[in-house]
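Input: a single structure, listed below in structure tokens.
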């Protein structure tokens, strides 16, 4: 799996799992005849077919890619599987909306190339990217800073390795106080709200 640093701030990483067992896998059967190429469908004038919400990678044959979505308490586990290669990529995400229903914050649990877990943290693009997003994990210690690594026109992204303090907070299902700064100078203000870790451990067990 490509690391977050190599892909850049705009890329969503996920936990990678390879070598899944598939029912019926084993000795190859008789050779199959090449499939006939079908003529493309022509929709009626003014009408069109809504494409799938799942974007299939270019190198995956039709019908060999599937998505599983499992909602847990406050977290959602999404796994995309390449059936042909027996590879599955999963992520566990949570999104917090603001009073106007826009996205105030989201984070996803991912894994580096060496298997170490970390959070991908996303905040609005109008935050003060020179200051970290602060996570108070309610363990009596200082808030955990998440430096912003980059911003696009829609979102700013940072990364947080899962150390002992954060791991303990996950296991205990604590509520995290999230804070970040918006604007600069006299117009600067701090936005702060709570985000639950409750349910994340259960989502992990579902992988």
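Residue numbers (mature numbering (1 follows the signal peptide of the UniProt record, and there is no 0)): -27 to -1, 1 to 180.
Here a beta-carbon is modelled for each residue, glycine too, at the ideal position from N, C-alpha and C.
- By the neighbour-count definition (other C-beta atoms within 10 Å, threshold 16), residue 131 is a buried residue.
- Residue 171 and residue 147 have their C-alpha atoms spaced approximately 6 Å apart.
- Cβ neighbours of residue 134 within its own chain (closer than 7 Å, five residues either side excluded): 89, 91.
- Annotated three-state conformation of residue 84 is strand, per DSSP.
- Residues 57 of the same chain have their beta carbon placed closer than 7 Å to that of residue 34, with the five preceding and five following residues left out of the count.
- Your pair residue 120 and residue 107 does not check out as a contact, with CB atoms roughly 11 Å apart and the cut at 8 Å.
- When only Cα atoms are considered, residue 84 and residue 39 end up about 21 Å apart.
- By the Cβ rule, the segment 36 to 52 counts as touching the segment 66 to 78, because three or more pairs are nearer than 8 Å.
- Straight-line spacing of the CA atoms in residue 101 and residue 13 works out to 49 Å.
- Under DSSP, residue 109 shares a beta bridge with 150.
- Put simply, of 159, 54, 137 the residue whose alpha carbon is nearest the alpha carbon of residue 114 is 137.
- Residue environment for residue 18: exposed (fewer than 16 other C-beta atoms within 10 angstroms of its C-beta).
- Its chain contains 22 as the residues whose beta carbon lies nearer than 7 Å to that of residue 16, once the 5 sequence neighbours on both sides are disregarded; these appear in chain order.
- Each of 168, 104, 60 was checked against the Cα of residue 76, and the nearest Cα belongs to 168.
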